[in-house]
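As they're listed, the protein sequences go chains A and X. So the number in the working numbering is just where the residue sits in the first sequence, counting from 1, plus 628. So the number in the working numbering is just where the residue sits in the second sequence, counting from 1, plus 6. Where a beta carbon is used, it is the ideal one built from N, C-alpha and C, also for glycine.
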Amino acid sequence: MGLNGAGKSTLLRCLAGLVPIQQGQVQILGHDATPRNYGQIRQHLGTIMQGGGLIPQLSAIENVLCGCLGRYSSWQTLMGLPLPEQTRSAQLLEQFGLADKANTVVKQLSGGQQQRVAIARALMQNATILLADEPTNGLDIMVAKQVMDTLANLNQNQGMTIVAVLHDLKMAATYAHRAIILDQGKIFYDGDTNCLTEKFAQLHTTQHHVS
Amino acid sequence: MDKISRLDRTPFKSLKTTLILLLVVAVYIWAGQSLDLNLQTLGKSWPYVIDFARRLFPPDFSVLDVAVKSLLETVQMSLWGTTLGALLSVPIAIASAHNVAPVPLQWAANFLQNAVRSVPSIILGLVFVSATGLGAQAGTMSLTIYTVGYLAKFFQEAIESLDARSLDSLVTIGAKPLQILRYGVLPQVMPLILGYTLWMFEYNIRAASVLGVVGAGGIGFQLKSYIDGFEYQKATTMMLVLLAVVTMIDLFSSKLRQRLEN
């Protein structure tokens with residue numbers, strides 16, 4: 629969590645290996661997050677970018693199928709993906725209540741449906757860690773709750789670690805086990821989610837004094 | 007403090023805008039110098055324009071069959087020239103795009119694009135006529151190269167406007183470069199690529215008419231022959247047939263482009 633420009637998305641992109649780490653060290657599943665190790669790390673690392681990061685012109689099932697690209701060579705996937713993977717993608721979409729939207733082009737789906745496709749893609753990847761950058765951004769309250777319930781369910785029932793950038797303090801208090809508040813690229817608070825309102829009030833006061 | 011800094015920037019911003027406007031005006035004045043514009047001469051030239059236009063009518067439809075035949079040849083030249091040019095443009099555009107290609111490859115591919123684009127179509131026509139002789143083959147080859155000059159640039163811009171987050175998400179999945187191209191880049195740029203190619207096809211029908219002037223086949227060859235022989239009414243028939251076909255293709259490709267965008 630943090631104010632705009634605090635470095636939340638940058639931190640997530642660092643964890644995903646999209647931004648080079650200039651200082652310090654990142655370890656994921658016991659591996660140092662270096663370009664050499666990312667091939668192995670990414671097999672376990674799913675991401676939901678802001679807006680889902682889906683390919684808008686592909687159908688829902690094609691997007692979910694993309695989740696298994698890392699397991700195959702370029703030549704194996706040139707003409708499409710194997711049938712068992714297609715079956716699994718269809719099952720995942722069914723699990724998320726999107727069976728009837730499987731062949732719909734993603735840009736024609738609602739924001740909530742797109743987020744569920746992005747989550748299904750992470751599951752297709754067999755990810756054990758999911759990095760979600762503002763997964764409820766642009767969604768109405770009901771749909772945002774559905775998306776967060778889905779993520780909570782994955783965490784509780786499948787043991788998936790979820791690192792999410794959130795703006796809503798109440799939502800963070802309801803769903804998260806641990807909160808990190810960033811301020812200008814540094815950790816301002818790291819702890820439980822019971823006192824987020826106070827911590828943000830402190831953050832505002834500190835910023836006001838600085839300016 | 008924020009308000010003060012915003013107020014400080016305002017006069018600087020308006021000074022910058024004024025300087026830019028002055029620069030633009032200066033560029034137009036500089037460009038107008040060599041045009042040697044003379045309103046008096048322009049006014050006096052109207053009777054000649056009207057006289058020339060009068061000699062174009064009525065159209066002589068006795069050459070309708072010749073017009074249709076040479077126009078079909080123009081359409082065939084344009085179809086092949088545009089298709090071959092579009093196919094050649096795809097790898098050049100990928101190599102030129104800053105978001106997918108390494109920097110040295112970008113430089114080389116951009117230089118190639120600029121080199122191709124800086125050669126006028128008529129020069130390409132002359133080169134291929136001298137290489138393969140008079141006729142449609144030379145025209146098709148010229149259109150192919152001419153198409154590369156433009157489509158490679160359009161395709162490059164289509165690739166550069168891709169949603170970076172969608173490609174990043176494929177990277178984090180562990181997709182290899184060829185998989186990113188197949189599943190991330192091509193699905194997003196294909197509608198744009200097809201749209202630009204259709205537009206280029208239309209454009210090449212008109213460009214092919216110019217190529218005819220240097221003997222590279224198509225309707226332009228016939229058109230120039232009639233104008234050189236002062237058979238203006240026959241030339242009008244050729245132009246009317248060209249207008250009809252270009253309008254029809256424009257209607258068809260507009261509908262197709264709309265469907266591709268949706």
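{"Asked": "Residue 829/A: buried (16+ other C-beta within 10 angstroms of its C-beta) or exposed?", "Found": "exposed"}
{"Asked": "Between the alpha carbons of residue 768/A and residue 667/A, how many angstroms are there, rounded?", "Found": "36 Å"}
{"Asked": "Can you list the alpha helix (DSSP H) stretches of 4 or more residues lying completely in the stretch 716-765 of chain A, in chain order?", "Found": "739-752"}
{"Asked": "Taking C-beta to C-beta, are residue 206/X and residue 153/X nearer than 7 Å?", "Found": "yes"}
{"Asked": "Determine whether the beta carbon atoms of residue 801/A and residue 824/A lie at a separation below 7 Å.", "Found": "yes"}
{"Asked": "Pick out whichever of 243/X, 266/X, 264/X has its Cα sitting closest to the Cα of residue 68/X.", "Found": "243/X"}
{"Asked": "If I'm right that residue 749/A touches residue 692/A with Cβ under 8 Å, what's the distance once you round it to whole angstroms?", "Found": "5 Å"}
{"Asked": "Pick helix, strand or coil for residue 10/X, following the three-state DSSP scheme.", "Found": "Any reading at residue 10/X must be qualified, since the residue scores a pLDDT of 48, below 50, and its modelled position is unreliable; no value is offered."}
{"Asked": "Could you name the residues of chain A that residue 199/X contacts, counting a contact when the two beta carbons are closer than 9 Å?", "Found": "Under the 9 Å cutoff, chain A gives no residues; its nearest Cβ is about 12 Å from residue 199/X."}
{"Asked": "What does residue 778/A reach in chain X if we use C-beta pairs closer than 7 Å?", "Found": "Residues of chain X passing the Cβ test: none, with the nearest at roughly 18 Å."}
{"Asked": "Does the CB of residue 683/A have a neighbour CB from chain X at under 7 Å?", "Found": "yes"}
{"Asked": "Cutting at 7 Å between CB atoms, please list the residues of its own chain near residue 65/X, excluding the five before and the five after it.", "Found": "239, 242, 243, 246"}
{"Asked": "Determine the contact status of residue 763/A and residue 775/A, defining contact as a CB-CB distance below 7 Å.", "Found": "yes"}
{"Asked": "If we count the other Cβ atoms within 10 Å of its Cβ and call it buried at 16 or more, is residue 99/X buried or exposed?", "Found": "buried"}
{"Asked": "Can you tell me whether residue 740/A is buried or exposed, with buried defined as 16 or more other CB within 10 angstroms of its CB?", "Found": "buried"}
{"Asked": "Could you please tell me which residues of the stretch 638-663 of chain A, in chain order, have their CB closer than 9 Å to any CB of chain X?", "Found": "641, 644, 645, 646"}
{"Asked": "For residue 773/A, name the three-state secondary structure that DSSP assigns.", "Found": "helix"}
{"Asked": "Between the alpha carbons of residue 634/A and residue 799/A, how many angstroms are there, rounded?", "Found": "19 Å"}
{"Asked": "Quick check on the DSSP output: the beta strand (DSSP E) that includes residue 818/A runs from which residue to which?", "Found": "814-819"}
{"Asked": "Could you tell me the alpha carbon to alpha carbon distance between residue 112/X and residue 105/X, rounded to whole angstroms?", "Found": "10 Å"}
{"Asked": "Does residue 179/X get closer than 7 Å to chain A when you measure Cβ to Cβ?", "Found": "yes"}
{"Asked": "So which residues on chain A does residue 175/X lean against when the C-beta distance must stay under 7 Å?", "Found": "675, 677, 681"}
{"Asked": "So is residue 707/A buried or exposed if we call it buried at 16+ other beta carbons inside 10 Å?", "Found": "exposed"}
{"Asked": "Count the other CB atoms, across all protein chains shown, that sit within 10 Å of the CB of residue 43/X; report buried if there are 16 or more and exposed otherwise.", "Found": "exposed"}
{"Asked": "Measuring alpha carbon to alpha carbon, tell me which of 129/X, 80/X, 200/X, 28/X ends up nearest residue 93/X.", "Found": "200/X"}
{"Asked": "Give a yes or no on whether the C-beta atoms belonging to residue 185/X and residue 687/A are separated by under 7 Å.", "Found": "no"}
{"Asked": "For residue 24/X and residue 31/X, what's the separation of their Cα atoms in angstroms?", "Found": "11 Å"}
{"Asked": "Tell me, which residues are paired with residue 792/A by DSSP?", "Found": "760/A"}
{"Asked": "Looking at chain X, is there any beta carbon in it that lies within less than 7 Å of the beta carbon of residue 698/A?", "Found": "yes"}
{"Asked": "Going by Cα to Cα distance, which pick from 661/A, 713/A, 657/A is closest to residue 650/A?", "Found": "661/A"}
{"Asked": "Closer than 8 Å by beta-carbon distance: list the chain A residues that pair up with residue 189/X, in chain order.", "Found": "683, 686, 690, 694, 697, 705"}
{"Asked": "Could you pull out every residue in the same chain whose Cβ sits closer than 7 Å to the Cβ of residue 10/X, ignoring the five residues on either side in sequence?", "Found": "Annotation note: pLDDT 48 at residue 10/X (below 50); position unreliable, coordinate value reported separately. Counting only Cβ-Cβ distances below 7 Å, and skipping sequence neighbours, we find nothing."}
{"Asked": "Which two residues bound the contiguous beta strand (DSSP E) that contains residue 675/A?", "Found": "673-676"}
{"Asked": "Where does residue 805/A sit, in a helix, a strand or coil, going by DSSP?", "Found": "coil"}
{"Asked": "Using CA atoms only, rank isn't needed, just tell me which of 789/A, 653/A, 731/A, 704/A is closest to residue 806/A.", "Found": "789/A"}
{"Asked": "Under the DSSP definition of a beta bridge, which residues are partnered with residue 655/A?", "Found": "660/A"}
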